[in-house]
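*Asks:* Read in order, the letters of the sequence shown are residues 1152 to 1522 in our numbering.
Cβ atoms here follow ideal geometry from the backbone N, Cα and C, with glycine treated the same way.
Before anything else, here's the structure in question.
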Amino acid sequence: MSVIRQFGPNWFTTVMGVGIVAVLTYTSPFPIPFGHGIGIVLFGLLNVIFGLAFLFWLFRWIFHTDEALNDFRHPARALFYGAFAMGINVVGNDYLLIGAHIFNSSVAIEVSKVIWVAGTVVSIFTVIVVPYLLFVEHQVEQHQTLATWLIPVVPPIVAAATGTNLIPFWGGATAQFAITALILAMFGTTFFLFIMISALVYSRLVYHKRLSGEAAPSLWVEIGPIGMSMATLSTLPIKTNAIFGQYANLLHALGMTFSMALWGIGIWWIIISAMHSILHLSKRGEGLPFHMGWWSYVFPIGSFTSGTYALVHLVNYPFYTIAGFAQFIILWICFVVVFIRTAIGVWKGNLLQWRASHMNQKRLLNGKTTA
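Written out as structure tokens, the structure reads:
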């Protein structure tokens, strides 16, 4: 019960990270030794982590309702309902791209569709409710602006990118057109909110003191919606031939042009984010204390890599294949480091106090603080 009480929606960042590494390993456009096997193992791990996370989240609402409601009253914790939504969509996408090769393909596709619908509903909920609370309830200062503000507005574009893969499986042309219209609407919602929030983040970086070592990983969140935009725009021309046949060449040209342009700004954000992290690892910095925000080194890089993969499939240009391979290696390095640090943090009780010794130590610290 103590673990359930502590369990917030920020833990779904682990679902996002494991899920995107699994699918990128399995569907790599370049050969990876044992890639399919590793992808399947990670897919199995994803199901375990998501199942546990969902149960803990559900039990928290049942047994600690006040704690769960307090998440929405807190300007930082409320943001991570976006992670909950994105985690659902990542799981659904993995069932389509990995599960369909393991289980009965028809069943896996139907499971993916059901999960996608659930993820879309939660995505629309977060993109409306969390910003509204930020506007009318939460009290924040301009210097508190972080790229984590993107977390609740990114889910619709994740739903759009993952939903694009499902377009051919929605029956006739009418149903496929309706799904495509929804996907484009969600893409537009996140894309323009991303531009506005990024302007606020840029302003904060210019006019206020530099980001602390604790906040530095948050900058990597900026890369996520860029990658998902690339994935959506590059995949749409391939998946919508049945309904936009006469416009196929136009869609292909638009997808290629905008994705290539977005790839450039993505590289810029990667360089800026990396320089912030390197700064805090140097003598001039404060260090990079580990916390769950380190998963910002995983899913956003994975998102950008998935966008590059989609661009490879669209243009079939060797440059993007090489770039995708480089990004994949960086992603795996970050994933291994963050996953191990998270496992150690859980075992030691730094992230979740789950043993009696953890709770006793916490009580002693609280007693000393009170004294």
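In the DSSP assignment, find the unbroken alpha helix (DSSP H) run with V1268 in it and report its ends.
*Replies:* First-last of the alpha helix (DSSP H) with V1268: 1256-1287.
*Asks:* Name the two residues that bound the continuous alpha helix (DSSP H) containing P1451.
*Replies:* Per DSSP, P1451 belongs to the alpha helix (DSSP H) from 1450-1466.
*Asks:* Spatial neighbours of T1176 within its chain, please: C-beta separation below 6 Å, excluding the five flanking residues on both sides.
*Replies:* The answer, listed in chain order, is G1186, I1189, G1190.
*Asks:* Three or more C-beta pairs closer than 8 Å, one from the stretch 1266-1279 and one from the stretch 1294-1311: is that the case here?
*Replies:* With the cut-off at 8 Å, the stretch 1266-1279 and the stretch 1294-1311 touch.
*Asks:* Answer yes or no: do W1505 and L1462 have a C-beta to C-beta separation smaller than 9 Å?
*Replies:* Going by C-beta atoms, W1505 is not nearer than 9 Å to L1462.
*Asks:* Quick check on this structure: which residue in Q1157, F1223, G1250 has the alpha carbon closest to the alpha carbon of F1214?
*Replies:* With distances taken between Cα atoms, F1214 lies closest to Q1157.
*Asks:* Under the three-state reduction of DSSP, which class applies to L1175: helix, strand or coil?
*Replies:* Helix, per DSSP.
*Asks:* If you compare alpha carbons, which of T1296, W1267, L1335 is closest to R1121?
*Replies:* Nothing about residue 1121 can be reported from this structure: the residues present for the chain run from 1152 to 1522 only.
*Asks:* Exposed or buried, what is R1523 when buried is set at 16 or more other beta-carbons lying within 10 Å of its beta-carbon?
*Replies:* Limits of the chain in this structure are 1152 at one end and 1522 at the other, which puts residue 1523 out of reach.
*Asks:* Go to V1291, then tell me how far its alpha helix (DSSP H) extends in each direction, as first and last residue.
*Replies:* V1291 -> no alpha helix (DSSP H), and no H or E assigned at all.
*Asks:* Count the other CB atoms, across all protein chains shown, that sit within 10 Å of the CB of W1446; report buried if there are 16 or more and exposed otherwise.
*Replies:* Its Cβ being crowded by 16 or more others within 10 Å, W1446 is buried.
*Asks:* Can you tell me the Cβ-Cβ gap for T1383 and A1312, rounded? I've got them flagged as a contact below 8 Å.
*Replies:* Right, the Cβ-Cβ distance comes to about 5 Å (below 8 Å), so this counts as a contact.
*Asks:* Within 8 Å, do at least three Cβ pairs link the stretch 1386-1406 to the stretch 1474-1485?
*Replies:* The answer is no - the stretch 1386-1406 does not touch the stretch 1474-1485, with fewer than three Cβ pairs under 8 Å.
*Asks:* Identify the continuous alpha helix (DSSP H) that holds T1391 and give its terminal residues.
*Replies:* Note, T1391: premise wrong, no alpha helix (DSSP H); not H, not E.
*Asks:* Using 10 angstroms around the beta-carbon of W1162, count the other beta-carbons present and answer buried if the total reaches 16, otherwise exposed.
*Replies:* Buried.
*Asks:* Let me know the beta strand (DSSP E) ranges lying completely inside the stretch 1297-1373, each 3 residues or longer, listed in chain order.
*Replies:* Here no run is fully enclosed.
*Asks:* Within the chosen definition, does the stretch 1373-1392 reach the stretch 1454-1461 through at least 3 CB pairs nearer than 8 Å?
*Replies:* The stretch 1373-1392 is in contact with the stretch 1454-1461.
*Asks:* For F1470, does the count of other Cβ atoms within 10 angstroms reach 16, so buried, or fall short, so exposed?
*Replies:* It counts as exposed.
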